[in-house]
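Inspection log for the structure reproduced underneath, given as structure tokens.
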Amino acid sequence: MANPDGSLPPSLRSQFLREGYLVLPNFFNPDPILTRAKQIVESEFQPSGHPLTQFSTGEDKEHVGDAYFLSSSDKVRFFLEEDAVREGRLVVEKGKAVNKVGHCLHALDPVFHDFTFGSRLQELARSLGLHQDPRVLQSMIICKQPSIGGPVPEHNDSTFLYTDPPSAIGFWFALEDCTPSNGCLSFQPGSHLHPSTAPTSTHPRPTLIPTADKTELNLGPERGINKRFVREKVGDESGGTTFVELESGEEEKWDEGRAKVEACEAGALVLIHGSVLHKSERNRSDKSRFIYTFHMIEAEEHGVKYDERNWLQPTEKMPFSRLYAPPPAPTAIVYE
-8 MANPDGSLPP
2 SLRSQFLREG
12 YLVLPNFFNP
22 DPILTRAKQI
32 VESEFQPSGH
42 PLTQFSTGED
52 KEHVGDAYFL
62 SSSDKVRFFL
72 EEDAVREGRL
82 VVEKGKAVNK
92 VGHCLHALDP
102 VFHDFTFGSR
112 LQELARSLGL
122 HQDPRVLQSM
132 IICKQPSIGG
142 PVPEHNDSTF
152 LYTDPPSAIG
162 FWFALEDCTP
172 SNGCLSFQPG
182 SHLHPSTAPT
192 STHPRPTLIP
202 TADKTELNLG
212 PERGINKRFV
222 REKVGDESGG
232 TTFVELESGE
242 EEKWDEGRAK
252 VEACEAGALV
262 LIHGSVLHKS
272 ERNRSDKSRF
282 IYTFHMIEAE
292 EHGVKYDERN
302 WLQPTEKMPF
312 SRLYAPPPAP
322 TAIVYE
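Counting in the numbering used here, the sequence shown runs from -8 upward without gaps.
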């Protein structure tokens, strides 16, 4: 359990550094967040005039990448399940069609703003001791709709939110019970690290985990990524997206024998290191699996570069929000 103020005791911090993720049961009250999430999905999504952009997780050029998606960094927009649309029309009721809502809930919605920038999450981030001035980005409601909620194959988050050096940490909040039948997360523990016997000189770049922790816990060098999800053209919100190959051998191969299924109850927070492998299966149940999630990265002022080819880009009106000095709370929300 986390401490009452939200911070991590040393034993849980060490567990996160070793395994690359951490499940914190009963970290928050899910009821008001779930109520707001369902209100947004069921009442605010209007199919009329919507481009019916579907969210796909395939590793090819058909992965979502239209202008509606690429210009959503400073907006709240709706993305649909692949099986919710056929021949340009919804084939399920609109409230069951939404895959996710994003990507700026933390700054534009009053409920999610208050939750994201609450003191307990600030204290948790401080207790991790991995960022000096963390910036919040890519906040989303993910619905995992009954029967049609699509699978997300094994991946690491730094593939999609790349910084140099890597600095992404995911905060994943279970708003409903997450089970094997409705698509809970699975992890490959320790997949963010090379073996402790790996020569450091083979992996010389700076990393997120402090050297003192690596020495004390006998941790190997942090892994990089094999590929990146990027815009086809820098600065072009209509140019599409693609994956570009980087180094081979940085990421582990997924091993079902090592994977750990992490079912959790509503109210759990899951912390996710940007290089750890994780996935979720299709929702084959009659129950949704609503979650809220956002990521934090280090600020560029502290030696970290957010890459200009990343699909998600800050804008002049909405730079990435400072976790410890948040933007003013909004009073209303506009859906675009």
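The beta-carbon is built from N, C-alpha and C at its ideal position, and this holds for glycine as well.
Quick caveat, the model's predicted, so the values are computed rather than measured.
One alpha carbon belongs to Ile133, the other to Gly240, and they sit about 31 Å apart. Residue environment analysis places His183 among the buried positions, since at least 16 neighbouring C-beta atoms fall within 10 angstroms of its C-beta. The beta-carbon separation of Phe151 and Phe69, rounded to 19 Å, does not stay under the 8 Å limit for a contact. Annotation: Thr206 is outside any beta strand (DSSP E); the continuous alpha helix (DSSP H) that includes it extends over Thr202 to Leu208. Annotation: Ala58 to Pro(-5) spans about 43 Å, alpha carbon to alpha carbon. Taking one beta carbon from each stretch, the segment 133 to 150 and the segment 78 to 95 have 3 or more pairs nearer than 8 Å; the two touch.
In the displayed model, His104 falls within a helix according to three-state DSSP. Between the segment 285 to 299 and the segment 167 to 187, the count of Cβ pairs shorter than 8 Å is below three; the stretches do not touch. Pro156 and Leu199 have their C-alpha atoms roughly 8 Å apart. As the crow flies, the alpha-carbon of Lys218 is around 27 Å from that of Asn209. Linking His97 to Ala203 through their CA atoms gives a straight-line distance of about 33 Å. Ile24: member of the alpha helix (DSSP H) spanning Asp22 to Gln30, first to last residue. Gln129 and Gly248 have their alpha carbons spaced roughly 31 Å apart.
Rounded to the nearest whole angstrom, the CA to CA distance from Pro23 to His264 is 27 Å.
A direct Cα-to-Cα measurement between Gly161 and Asp148 gives close to 8 Å. Going by DSSP, Glu114 is part of the alpha helix (DSSP H) stretching over Ser110 to Leu119. A Cβ-Cβ separation of about 6 Å places Asp65 in contact with Lys308 under the 8 Å criterion. The count of Cβ pairs closer than 8 Å, one atom from the segment 13 to 21 and one from the segment 249 to 257, reaches three, so the stretches are in contact.
Residue pairing of Asp155 in beta bridges, as defined by DSSP: Lys296.
Secondary structure note for Ser2: its alpha helix (DSSP H) is the uninterrupted segment Pro1 to Glu10.
Annotation for Gln304: Ser64 place their beta carbon closer than 7 Å to its own, counting only its chain and skipping 5 residues before and after. Your pair Gly230 and Arg222 checks out as a contact, with CB atoms roughly 6 Å apart and the cut at 8 Å. For the pair Thr154 and Val127, the CB atoms are not nearer than the 8 Å cut-off. Judged by beta-carbon spacing, Pro125 lies within the 8 Å limit of Leu314, meaning their Cβ atoms are closer than that value. The beta carbons of Leu268 and Glu242 sit about 7 Å from each other, so the pair counts as a contact at 8 Å. No Cβ-Cβ contact shorter than 8 Å links Val67 with Tyr283. Non-local beta-carbon contacts of Phe7 in its own chain, meaning distances under 8 Å to residues more than five positions away in sequence, involve Leu(-1), Leu13, Leu119, Leu262 and His264 in chain order.
Looking at the DSSP output, Met131 shares a beta bridge with Gly93 and Thr284.
The shortest C-alpha to C-alpha distance from Val143 to any of Pro319, Asn274 and Pro310 is the one to Asn274.
If you look at Ala165, you'll find it in the beta strand (DSSP E) that goes Ile160 to Ala165. When Ser62, Ala28, Phe60 and Leu43 are compared, the shortest CA-CA separation from Arg77 is found for Leu43.
Residue environment: Pro186 is assigned as exposed (fewer than 16 neighbouring CB atoms within 10 Å of its CB, all protein chains considered).
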